[in-house]
Amino acid sequence: MRTVNVFVVLREHPEDDANSMPAPTRRERLRRQMSRDVRAAAREVITRQGVEALTLAEIARRVGVTPAALYRHFDGLGDIVRHTARGIVTELTHQLQTAIEGERETDFAARLIAPSRVFRRWALAHRQEFRLLFGTPMVAAGVAHTDVTAEWVRELAAVWGAEHMRLWAARPYPILADEDLDPRMRRQIADYRAATGVEIPLGALVVMLSCWRSLYGQVALEVYEHLTPLITDQEPMFELLMLELVTRMGLGAEYRPPEGLRAW
1339 MRTVNVFVVL
1349 REHPEDDANS
1359 MPAPTRRERL
1369 RRQMSRDVRA
1379 AAREVITRQG
1389 VEALTLAEIA
1399 RRVGVTPAAL
1409 YRHFDGLGDI
1419 VRHTARGIVT
1429 ELTHQLQTAI
1439 EGERETDFAA
1449 RLIAPSRVFR
1459 RWALAHRQEF
1469 RLLFGTPMVA
1479 AGVAHTDVTA
1489 EWVRELAAVW
1499 GAEHMRLWAA
1509 RPYPILADED
1519 LDPRMRRQIA
1529 DYRAATGVEI
1539 PLGALVVMLS
1549 CWRSLYGQVA
1559 LEVYEHLTPL
1569 ITDQEPMFEL
1579 LMLELVTRMG
1589 LGAEYRPPEG
1599 LRAW
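Residue numbers for the sequence shown follow the working numbering, so the first one is 1339 and each next one is one higher.
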C-alpha cells in the first residue's frame, strides 16, 4: 500500500480475465516455487538462528541448491532480504488492519489502541523478525535495509494514518500551528505527508509520529529485554502509555483497559 486510499475496481466478468491469461509454463511454475522456497528458508533462518545467520550459503543449503543457483532468481542476499521482509510486513499489517476492523467505526480510541496491542504481541512473538524490520541493519544485506524501512514506513502509515485522518475529520484536537514548528521539522513532516498520503495538518502528523515513537520505544524495550529482570511484566506500563497517547488526542475518557487489568 503506497497511499492510504484504496480503490477496488470490480469487473463485470472477472472470469474473462482469468480465462484470457495463459497458464504458466512448467518453467514458470518451478521459478515461482523456488522463489517461495527461498523466502521460506530465509524466514526460517531468521526465526531460528537470528538475522546474523542469514547468508546465501545457509539459504542455499536449506533449499538444496548451490549459492550460485540463487542468482537465477534473486540479485543477491539483499534482494532475498527485501522480498522476505516484504512478506513479513504484509503479514504484520494484515493483523493490524484486522484488529482495527474488529472495532466500531466511531470508537476512535479503540481503533488506535487495538493495532498497537497487536503490534506489541506480534513483536514479542516474532523477536527476530522485529529485529530484521526495525533493528540494526544487516551489513550483508547492503542497501536492502533502506528499501525495507521505506516499505514498512508506508505500510504502517497506511494502517494508522487512515485512522488518524478519520479522527481528525470528526474530532480535531489541539496541535501546533505550522509556524510554530521548527523549519527543519516542518519541511520533513511535509515530505512525509506527501510520501505517505496521510492528509492531516502538519501538527497532527507530529502527534501521530510522536505516538509511533513512544509505541516503538516501549515495544523495543520489551523485545530487547532492557528492563528485565527488574520489571518482567510490562503490560501495565504499556497500557498506561496507551492511555497517555489517546488522552493527548482528547480520547482519554474512551480508553478501556484489556480484561483483567484495572483502569487508572
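The C-beta atom is built at its ideal place from N, Cα and C for all residues, glycine as well.
Here the structure is a predicted model, which is why all the values come from computation and not from measurement.
Per DSSP, what kind of secondary structure is residue i in: helix, strand or coil?
i, result
"E1597", "coil"
"P1510", "coil"
"H1411", "coil"
"M1503", "helix"
"P1360", "coil"
"A1515", "coil"
"M1587", "coil"
"L1424", "Inspection of the sequence shows that residue 1424 is occupied by Arg rather than by Leu. Here R1424 sits in helix by DSSP."
"I1569", "coil"
"I1538", "coil"
"H1464", "coil"
"L1543", "helix"
"E1382", "helix"
"L1368", "helix"
"H1432", "helix"
"L1579", "helix"
"V1403", "coil"
"V1481", "coil"
"D1445", "coil"
"T1487", "helix"
"Y1562", "coil"
"E1350", "Confidence is the limiting factor: at E1350 the pLDDT is only 41, short of 50, which leaves the residue's position unreliable, though a coordinate-based value still follows. In the structure shown, E1350 sits in coil (DSSP, three-state: anything other than H, G, I, E or B)."
How long is the line joining the alpha carbons of residue i and residue j, rounded to whole angstroms?
i, j, result
"M1372", "L1559", "37 Å"
"L1540", "E1443", "24 Å"
"P1596", "V1557", "17 Å"
"R1459", "R1504", "25 Å"
"Y1530", "M1523", "10 Å"
"V1383", "I1397", "8 Å"
"Y1554", "R1386", "23 Å"
"T1422", "R1374", "9 Å"
"M1462", "E1592", "According to the sequence shown, residue 1462 is Leu rather than Met. Distance between the alpha carbons of L1462 and E1592 is about 27 Å."
"L1583", "R1399", "47 Å"
"G1307", "H1464", "With the chain covering only 1339 through 1602, there is no way to say anything about residue 1307."
"S1454", "I1418", "28 Å"
"Y1562", "D1518", "36 Å"
"L1581", "L1368", "51 Å"
"R1349", "Q1526", "Low local confidence applies: a pLDDT of 37 at R1349 is under 50, so the model's placement there is unreliable, with the coordinate-based value given in what follows. So the two alpha carbons sit approximately 40 Å from each other."
"R1594", "P1362", "51 Å"
"V1536", "A1406", "43 Å"
"A1379", "G1590", "45 Å"
"Q1433", "V1486", "19 Å"
Please identify the residue among the options whose C-alpha is closest to the C-alpha of residue i.
i, options, result
"M1309", "L1599, H1483, L1394, R1586", "With the chain running from 1339 to 1602 in the structure shown, residue 1309 is simply not present."
"G1416", "A1463, V1376, L1568", "V1376"
"R1586", "R1509, I1527, D1520, Y1562", "R1509"
"L1514", "P1362, A1533, A1542, M1523", "A1542"
"G1588", "P1362, E1429, V1544, F1446", "F1446"
"R1424", "W1550, D1571, W1490, C1549", "W1490"
"W1506", "V1544, V1481, P1453", "V1544"
"M1546", "P1512, L1578, D1520, A1378", "P1512"
"W1550", "L1579, A1406, Q1526", "L1579"
"E1493", "A1533, A1482, P1567", "A1533"
"T1431", "L1581, V1456, R1525", "V1456"
"S1552", "A1380, A1488, I1538, E1577", "E1577"
Would residue i count as contacting chain C if we go by Cβ distances under 7 Å?
i, result
"V1491", "Looking at the structure shown, chain C is missing, and only one protein chain is on hand."
Is it a yes or a no for the segment 1404-1413 touching the segment 1487-1503, going by three-plus beta-carbon pairs under 8 Å? no
The segment 1383-1399 contacting the segment 1461-1473, beta-carbon criterion three pairs below 8 Å: yes
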